[in-house]
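Protein chains: 2
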Amino acid sequence: MDWKAMSASQNIVDFSALPLGFDPSFSLPPGPALNICVQLQNAILEHRLRPGMKLTEEEVGESFNSSRSIARTALQALAHTGLVQTRKNRGAYVAKPTVEDAREVFEARVLIEPEIAWHAAGKASDKDLKRLEAHIEAEHLALKSNDVGKALAYSGIFHIVIADIAGHSVYSNIVQSLITQSSLIIALYWNHLETACEDHSHNILVDAFRDKDGDAAREIMRKHLLDLHAGLNLKRKPETDQSLAQVLAGI
Amino acid sequence: MDWKAMSASQNIVDFSALPLGFDPSFSLPPGPALNICVQLQNAILEHRLRPGMKLTEEEVGESFNSSRSIARTALQALAHTGLVQTRKNRGAYVAKPTVEDAREVFEARVLIEPEIAWHAAGKASDKDLKRLEAHIEAEHLALKSNDVGKALAYSGIFHIVIADIAGHSVYSNIVQSLITQSSLIIALYWNHLETACEDHSHNILVDAFRDKDGDAAREIMRKHLLDLHAGLNLKRKPETDQSLAQVLAGI
DNA sequence: TTGGAAGAAATTGTGTACAATCCTTGAATG
DNA sequence: CATTCAAGGATTGTACACAATTTCTTCCAA
Chain A
9 MDWKAMSASQ NIVDFSALPL GFDPSFSLPP GPALNICVQL QNAILEHRLR
59 PGMKLTEEEV GESFNSSRSI ARTALQALAH TGLVQTRKNR GAYVAKPTVE
109 DAREVFEARV LIEPEIAWHA AGKASDKDLK RLEAHIEAEH LALKSNDVGK
159 ALAYSGIFHI VIADIAGHSV YSNIVQSLIT QSSLIIALYW NHLETACEDH
209 SHNILVDAFR DKDGDAAREI MRKHLLDLHA GLNLKRKPET DQSLAQVLAG
259 I
Chain B
9 MDWKAMSASQ NIVDFSALPL GFDPSFSLPP GPALNICVQL QNAILEHRLR
59 PGMKLTEEEV GESFNSSRSI ARTALQALAH TGLVQTRKNR GAYVAKPTVE
109 DAREVFEARV LIEPEIAWHA AGKASDKDLK RLEAHIEAEH LALKSNDVGK
159 ALAYSGIFHI VIADIAGHSV YSNIVQSLIT QSSLIIALYW NHLETACEDH
209 SHNILVDAFR DKDGDAAREI MRKHLLDLHA GLNLKRKPET DQSLAQVLAG
259 I
């Protein structure tokens, strides 16, 4: 994979234009390592980084014009959020959640996020509502130009922004990790053809926020997540024999 | 603080005798850095490491006969679990949760742990019940010998073991972080004199597990956590002007 | 005495060299 | 032909040296 091109030319530039609008919750002091974390997290949210991919320290370092030390620090931080799995002496791989992982992640989301939505409903300012609407709009536009990856990224970040609005840092950290893992899960177990891409849950949720109706927001979020989970194809085995697939793809 | 003595002589030996019985959820490959993480986490759970303490990389390294690189790795991992706070160019300090943090942590615990208790009730084997009873017994003995720190450690680990029994890795990671932060919160905001140390919640909980009564377990856990939270003295400001206090203490 | 500035000390941040480990390749042997 | 073993290459793990930054100390002047 041509990391250099990926980070330097088109994609990253697009990223800085994204109204991401949330504080990344990596426990790193500001610096180059944190930058790498954020950009790799974004790449995962956009499905440009696929589950199972190898992330060599040197490769990552070169891609972001940093040394291996910095890349190593970033990869360790990513490992702590569950985005990356490391094996002793074998390096870091983009996490490849199992069916069981997927079940656990969505179970946790169904428990936690409705509660967060309730909090957010009580706190959302007009500016917050505008933020959320902007995300919905951006997702819609991305879908119209067939950029499914970017649409999914906006969709995921929408949930992170809600946690941000709720102003609950503990929940925020948890949700950010869960959302990113969900992105990996969707990359593995979501069948684009079967499911209609758009539903109006996000719009309805913003409406509930506008009405400051916490109970409604909670219930909408709950149902939304259950639908999302139900839309996954969790019977499929987690991708055909990864090692062979990688060989065929020439990686 | 005499780290060397602390880690090398009496305390650590006692620790390895503890039937901790849970997998630490640090995302580090096995190695010296992971060891440091576990031992520092244990020290926090035992209240030997107080909130606000400075953790110098070199100092930590020397204490565990490791180099600064290893210590640095460990401190970064601890930072990711919220046990330690780092400031750029200023190093790592044992986290000092604010009153607001305490509220958030316990709110999250009240949401998540009853659910975990429900899961655990459905899965607890006879061996698991024995594990839990052993913890209760150990806590009781520690209290009788006036070792409040160790008693609190057993009490906290009891909750981690329940998450372990539930067999839900996502919840487990979350809970481990919340428990450790709770330990810091209790160190800051708990008035030993006001509250009776022992209550029977843990015993009742094990009874519910034995009966495989998930609903009862959920409710007992919920009430237990609310009581715990209510027992905190959250009006007190988070320790008198830390810098002055440290000076007076000769730190 | 107070305030500030400059230098010294201590601590963290980063790059790099080397050691340790794992995987691959290829050949020898049963 | 399958299997085992060894050598080589590639990658991660660790230590250490140096740079950058902050903090502490000291000294001088108002």
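Sequences listed follow chains A and B, in order. Per my numbering, residue 9 is the first one in the first sequence, and the count goes up by one each step. Per my numbering, residue 9 is the first one in the second sequence, and the count goes up by one each step. Glycine included, C-beta positions come from ideal geometry on N, C-alpha and C. Computed from a predicted structure; not experimentally measured.
Beta-carbon separation (whole angstroms), residue i vs residue j, contact threshold 8 Å
| i | j | result |
| --- | --- | --- |
| residue 194 of chain B | residue 160 of chain B | 6 Å |
| residue 103 of chain B | residue 90 of chain B | 6 Å |
| residue 110 of chain A | residue 240 of chain A | 7 Å |
| residue 192 of chain A | residue 122 of chain A | At roughly 22 Å, the Cβ-Cβ gap does not stay under 8 Å, so residue 192 of chain A and residue 122 of chain A are not in contact. |
| residue 242 of chain A | residue 46 of chain A | That pair is no contact at about 30 Å. |
8 Å Cβ cutoff, residue i in contact with chain B
| i | result |
| --- | --- |
| residue 151 of chain A | no |
| residue 179 of chain A | yes |
| residue 227 of chain A | no |
| residue 88 of chain A | yes |
| residue 125 of chain A | no |
| residue 65 of chain A | no |
| residue 132 of chain A | no |
Residues near residue i in its chain [Cβ-Cβ closer than 6 Å; skip 5 each side]
| i | result |
| --- | --- |
| residue 146 of chain A | 162 |
| residue 136 of chain B | 173 |
| residue 130 of chain B | 222 |
| residue 40 of chain B | 74, 78 |
| residue 143 of chain B | 162, 166 |
| residue 44 of chain A | 72, 82 |
Cutoff 7 Å; reference residue i; Cβ partners in own chain excluding five residues on either side
| i | result |
| --- | --- |
| residue 200 of chain A | 156 |
| residue 182 of chain A | 120 |
| residue 158 of chain A | 54, 150 |
| residue 64 of chain A | 99 |
| residue 76 of chain A | 65, 66, 69 |
Check whether residue i and residue j have beta carbons under 8 Å apart
| i | j | result |
| --- | --- | --- |
| residue 164 of chain B | residue 236 of chain B | no |
| residue 225 of chain A | residue 238 of chain A | no |
| residue 86 of chain A | residue 48 of chain A | yes |
| residue 230 of chain B | residue 118 of chain B | yes |
| residue 184 of chain A | residue 168 of chain A | yes |
| residue 34 of chain A | residue 42 of chain A | yes |
| residue 59 of chain B | residue 186 of chain B | no |
| residue 113 of chain B | residue 112 of chain A | no |
| residue 96 of chain A | residue 38 of chain B | yes |
Beta carbon proximity, residue i to chain A, threshold 8 Å
| i | result |
| --- | --- |
| residue 94 of chain B | yes |
| residue 119 of chain B | yes |
| residue 170 of chain B | no |
| residue 214 of chain B | no |
| residue 37 of chain B | yes |
| residue 176 of chain B | yes |
| residue 173 of chain B | no |
| residue 85 of chain B | yes |
| residue 102 of chain B | no |
| residue 70 of chain B | no |
| residue 116 of chain B | yes |
For residue i, the first and last residue of its enclosing alpha helix (DSSP H)
| i | result |
| --- | --- |
| residue 100 of chain B | First-last for residue 100 of chain B: 99 to 102, but that is the beta strand (DSSP E), not the alpha helix (DSSP H). |
| residue 164 of chain B | 156 to 174 |
| residue 36 of chain A | Here residue 36 of chain A belongs to no alpha helix (DSSP H), and DSSP marks it neither H nor E. |
| residue 229 of chain B | 222 to 238 |
| residue 209 of chain B | 209 to 218 |
Residue i: first and last residue of the uninterrupted beta strand (DSSP E) it sits in
| i | result |
| --- | --- |
| residue 95 of chain B | 92 to 95 |
Same chain, Cβ closer than 8 Å to residue i, neighbours up to 5 away in sequence not counted
| i | result |
| --- | --- |
| residue 175 of chain A | 127, 131 |
| residue 208 of chain A | none |
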